[in-house]
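What follows is a single structure, written as structure tokens, with notes after it.
In the numbering used here, the protein residues as written are 591 to 743.
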């Protein structure tokens, strides 16, 4: 078994090799907008999971995630060969590509925060003209007639 620092170091190196290979070596146009975000390597250094995101050509255009996934699967052997040459480990880890959901999750969280801010603003607007319920002085005051009865005795 390898230690955790070695696995992290190998994961970082695999990320660099795969990103460089996608940019310079692999000539598939479907991989032009693929970004490697993270890599996790198992403790025995036999399997590596590479996380990626796909960006669209423009902000309003949905990216081709399916095409990028197919292109990564077809380039898996070439990328594994390059990882083996670039790392120099005895056993080259198998590569598994997983679409990273962080951009979608962060967008969903931003939308939820915007809804919360709008709800807070609505509550603040309703509270600005509100008055307290009940009497202006909610505390009990001693009765004046009880004090007079004590004086009369």
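Glycine included, C-beta positions come from ideal geometry on N, C-alpha and C.
query: May I ask you to list the residues that DSSP assigns as paired with residue 626?; result: 642
query: Given 8 Å as the limit, is there contact between the stretch 674 to 683 and the stretch 594 to 610, that is, 3 or more CB pairs closer than that?; result: yes
query: Just to confirm the assignment, what range does the alpha helix (DSSP H) spanning residue 661 have?; result: 655 to 664
query: Do you know how far the Cα of residue 668 is from the Cα of residue 634?; result: 22 Å
query: Compute the Euclidean distance between the alpha carbons of residue 594 and residue 630, then round it to the nearest angstrom.; result: 11 Å
query: Would you kindly check if the distance between the Cβ of residue 654 and the Cβ of residue 620 is under 8 Å?; result: yes
query: Considering only C-alpha positions, which residue in the set 597, 624 and 598 is nearest to residue 610?; result: 624
query: Mapping DSSP to helix, strand and coil, what is residue 609?; result: helix
query: Taking the alpha-carbon positions, what's the residue 626 to residue 703 distance?; result: 27 Å
query: Residue 717 by DSSP, collapsed to three states: which one?; result: helix
query: Please classify residue 714 as buried or exposed, where buried requires at least 16 neighbouring CB atoms within 10 angstroms.; result: exposed
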